[in-house]
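These protein sequence lines map, in sequence, to chains A, B and C.
Heads up: the first sequence begins at -8 in the working numbering, then just goes up one per residue.
Heads up: the second sequence begins at -8 in the working numbering, then just goes up one per residue.
Heads up: the third sequence begins at -8 in the working numbering, then just goes up one per residue.
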Amino acid sequence: MTALNPENPVFVTYAIAAALMVLKVMGQGWMTVYRMMRSDSGLASPEDLQTGPLNRNPRPGQLEINDYVDRSRRMHRNDLENIPAFWAAGLLFMAVEPPLLLAQILMYGFVLARLAHAVAYVTKQMHEVRATFYTIGSVAVIAMALYVLAAVVS
Amino acid sequence: MTALNPENPVFVTYAIAAALMVLKVMGQGWMTVYRMMRSDSGLASPEDLQTGPLNRNPRPGQLEINDYVDRSRRMHRNDLENIPAFWAAGLLFMAVEPPLLLAQILMYGFVLARLAHAVAYVTKQMHEVRATFYTIGSVAVIAMALYVLAAVVS
Amino acid sequence: MTALNPENPVFVTYAIAAALMVLKVMGQGWMTVYRMMRSDSGLASPEDLQTGPLNRNPRPGQLEINDYVDRSRRMHRNDLENIPAFWAAGLLFMAVEPPLLLAQILMYGFVLARLAHAVAYVTKQMHEVRATFYTIGSVAVIAMALYVLAAVVS
Chain A
-8 MTALNPENPV
2 FVTYAIAAAL
12 MVLKVMGQGW
22 MTVYRMMRSD
32 SGLASPEDLQ
42 TGPLNRNPRP
52 GQLEINDYVD
62 RSRRMHRNDL
72 ENIPAFWAAG
82 LLFMAVEPPL
92 LLAQILMYGF
102 VLARLAHAVA
112 YVTKQMHEVR
122 ATFYTIGSVA
132 VIAMALYVLA
142 AVVS
Chain B
-8 MTALNPENPV
2 FVTYAIAAAL
12 MVLKVMGQGW
22 MTVYRMMRSD
32 SGLASPEDLQ
42 TGPLNRNPRP
52 GQLEINDYVD
62 RSRRMHRNDL
72 ENIPAFWAAG
82 LLFMAVEPPL
92 LLAQILMYGF
102 VLARLAHAVA
112 YVTKQMHEVR
122 ATFYTIGSVA
132 VIAMALYVLA
142 AVVS
Chain C
-8 MTALNPENPV
2 FVTYAIAAAL
12 MVLKVMGQGW
22 MTVYRMMRSD
32 SGLASPEDLQ
42 TGPLNRNPRP
52 GQLEINDYVD
62 RSRRMHRNDL
72 ENIPAFWAAG
82 LLFMAVEPPL
92 LLAQILMYGF
102 VLARLAHAVA
112 YVTKQMHEVR
122 ATFYTIGSVA
132 VIAMALYVLA
142 AVVS
């Protein structure tokens, strides 16, 4: 059977998890935009200090780091450190035909761990809380990569 | 028909768009290198202050942020916040067999929006200009992810 | 033959290289965690200054940039600027059925160049050393993307 096909239940699992993670990454960009506009600060480039619809009252300091906006950028960076590796590992994992239940646990587990990580980050939970969810997501990706290596080199 | 195959016209669309975006991301790295060398500044690591072919006249301040070099790094970061999600969303989108015209609009639309975003960023256009192109690219990726979810959960 | 399949020797090459790069990216996150804990510094968020298992002796300055920890974050960022593009380019390259030997040279060459880049970065070699390995990896990815474009538009 072709792996990359909606008839394959592991593909369906991967497609749901990977598409949700696409929405998470893109949504994080929009959270940054929202927070930049709402706080009228945390801008990225010197030319953003010009007056316009996105900046009605330019003032010095708008380029300085602001935790409200920067928190969203740190969340985004944390996503980029984890989610593209999930897309790659999940695709390879699907191609080596794992048991469906294992795919569901690792893929949906990753999605839930990343969503919990985002909630912990945005609500400023203690480091230990978001570290726990980071770890679960990271272990799921590492497990898929090791499974793929074991499957193709054996 | 196998999705991941040059006989599939949606694959050809995806392959062209995704390969152009690979060249964009890698090219952005080379723009940073070019700007670092041309301005002799914006270096990343303390050990880069040693004398050598890439730094003939080391001096204090070469590790400080320099907008000429940092602009290229910000463009790169903006790429990383959007383009890997496009690679993932586009692959899944292709696998659920969308109409060719829709794939062409979303995929080539994404490529054109990202190229326009890069031109707006490098020429320091107002925030509103690059925000517009950012939005077009982001909406194309989000649309593909939603289409995938609708296709596999129905 | 289906490209995304363990019967395809180019897939096996891609799966080994891409899975090793997944482990590299995820491992870089763990190096950052290890260095943060070992040096008790380089924390990312204000709430990380609370007392807890990950921070037994909070003190001012733990949020400041510390080269020991930041070096790992810079390595991670450099990975993100290169490895997701490799995953995408390698997948497309595999789909257009290149000669196996060429795939092995470009894919294993990329992996070796990135591992050498990491060693050069972590041991603080001169800029020229890590720039050389960066270049080899970058050229491998660009070559795959150009090969894909040539294959699908011809």
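We put the CB at the ideal spot given by N, CA and C, even for glycine.
The model shown is predicted, which means the values in this text are computed figures rather than measured ones.
Would you mind telling me which residues of chain F sit closer than 8 Å to residue i, beta carbon to beta carbon, in chain order?
{"i": "residue 44 of chain C", "result": "Checking the listed chains, one finds no chain F in this structure; the protein chains it contains are A, B and C."}
If residue i and residue j are in contact, beta carbons under 8 Å, what's the gap, nearest whole angstrom?
{"i": "residue 119 of chain B", "j": "residue 43 of chain A", "result": "5 Å"}
{"i": "residue 80 of chain B", "j": "residue 135 of chain B", "result": "4 Å"}
{"i": "residue 10 of chain B", "j": "residue 83 of chain C", "result": "6 Å"}
{"i": "residue -5 of chain B", "j": "residue -5 of chain A", "result": "6 Å"}
{"i": "residue 113 of chain B", "j": "residue 66 of chain B", "result": "7 Å"}
{"i": "residue 38 of chain B", "j": "residue 22 of chain C", "result": "In fact, because the Cβ distance is near 18 Å, the residues do not count as touching under 8 Å."}
Closest to residue i by CA distance: which of the options is it?
{"i": "residue 24 of chain C", "options": "C/109, C/46, C/136, C/38", "result": "C/46"}
{"i": "residue 96 of chain A", "options": "A/-6, A/4, A/123", "result": "A/4"}
{"i": "residue 68 of chain C", "options": "C/49, C/114, C/15, C/134", "result": "C/15"}
{"i": "residue 62 of chain A", "options": "A/0, A/30, A/104", "result": "A/30"}
{"i": "residue 125 of chain A", "options": "A/143, A/37, A/104, A/41", "result": "A/104"}
{"i": "residue 55 of chain C", "options": "C/49, C/41, C/64, C/33", "result": "C/33"}
{"i": "residue 145 of chain A", "options": "C/65, C/7, C/40, C/138", "result": "C/7"}
{"i": "residue 35 of chain C", "options": "A/-1, A/132, A/64, A/86", "result": "A/64"}
{"i": "residue 73 of chain B", "options": "B/0, B/-3, B/133", "result": "B/133"}
{"i": "residue 141 of chain A", "options": "A/108, A/114, A/86", "result": "A/86"}
{"i": "residue 70 of chain A", "options": "A/117, A/27, A/94, A/18", "result": "A/18"}
{"i": "residue 60 of chain C", "options": "C/107, C/106, C/20, C/48", "result": "C/20"}
{"i": "residue 0 of chain A", "options": "A/26, A/78, A/89", "result": "A/89"}
{"i": "residue 58 of chain A", "options": "A/106, A/50, A/102, A/26", "result": "A/26"}
{"i": "residue 93 of chain A", "options": "A/121, A/110, A/139", "result": "A/139"}
Quick one: list the residues of chain A neighbouring residue i, beta-carbon separation under 7 Å, in chain order.
{"i": "residue 14 of chain B", "result": "In chain order: nothing, as chain A lies at least about 18 Å away."}
{"i": "residue -5 of chain C", "result": "-6, -5, 86"}
{"i": "residue 76 of chain B", "result": "13, 16, 17"}
Mind listing the chain C neighbours of residue i? Cutoff is C-beta to C-beta under 9 Å, in chain order.
{"i": "residue 9 of chain B", "result": "79, 80, 82, 83, 136, 139"}
{"i": "residue 53 of chain B", "result": "Under the 9 Å cutoff, chain C gives no residues; its nearest Cβ is about 11 Å from residue 53 of chain B."}
{"i": "residue 3 of chain B", "result": "143, 144"}
Kindly indicate which three-state DSSP category residue i falls into: helix, strand or coil?
{"i": "residue 46 of chain A", "result": "strand"}
{"i": "residue 30 of chain C", "result": "helix"}
{"i": "residue 87 of chain A", "result": "coil"}
{"i": "residue -2 of chain B", "result": "coil"}
{"i": "residue 54 of chain A", "result": "coil"}
{"i": "residue 115 of chain A", "result": "coil"}
{"i": "residue 145 of chain C", "result": "coil"}
{"i": "residue 19 of chain B", "result": "helix"}
{"i": "residue 41 of chain B", "result": "coil"}
{"i": "residue 36 of chain B", "result": "coil"}
So with CB distances below 9 Å, who are the chain B contacts of residue i?
{"i": "residue 70 of chain C", "result": "By Cβ distance, chain B contributes nothing, its closest Cβ being about 11 Å from residue 70 of chain C, past 9 Å."}
Could you work out which residues of chain B lie near residue i, taking near to mean beta carbons separated by less than 7 Å?
{"i": "residue 133 of chain C", "result": "14, 17"}
Give me the chain C residues within the contact set of residue i, using Cβ-Cβ distance strictly less than 7 Å, ordered along the chain.
{"i": "residue 58 of chain A", "result": "37"}
{"i": "residue 109 of chain B", "result": "The premise fails here: residue 109 of chain B is roughly 15 Å from chain C at the closest Cβ pair, so nothing lies under 7 Å."}
{"i": "residue 122 of chain A", "result": "45"}
Kindly list, in the order they appear in chain A, the residues whose Cβ is closer than 8 Å to that of residue i.
{"i": "residue 65 of chain B", "result": "35, 36"}
{"i": "residue 41 of chain C", "result": "117, 118"}
Since residue i meets chain C, which of its residues come closer than 8 Å, beta carbon to beta carbon?
{"i": "residue 129 of chain A", "result": "17, 20, 21"}
Starting from the beta carbon of residue i, find every residue of chain B whose beta carbon is closer than 8 Å, and list them in chain order.
{"i": "residue 94 of chain A", "result": "Those do not exist, as residue 94 of chain A stays about 14 Å from chain B at its closest Cβ, beyond 8 Å."}
What does residue i reach in chain A if we use C-beta pairs closer than 9 Å?
{"i": "residue 104 of chain C", "result": "Those within 9 Å of residue 104 of chain C in chain A number zero; the least Cβ separation is about 18 Å."}
Next item on the list: Report the residues of the stretch 14 to 30 of chain A with a CB closer than 7 Å to any CB of chain B, ordered along the chain.
Entry: Against chain B - using a Cβ distance shorter than 7 Å - the residues of the stretch 14 to 30 of chain A are 14, 16, 17, 20.
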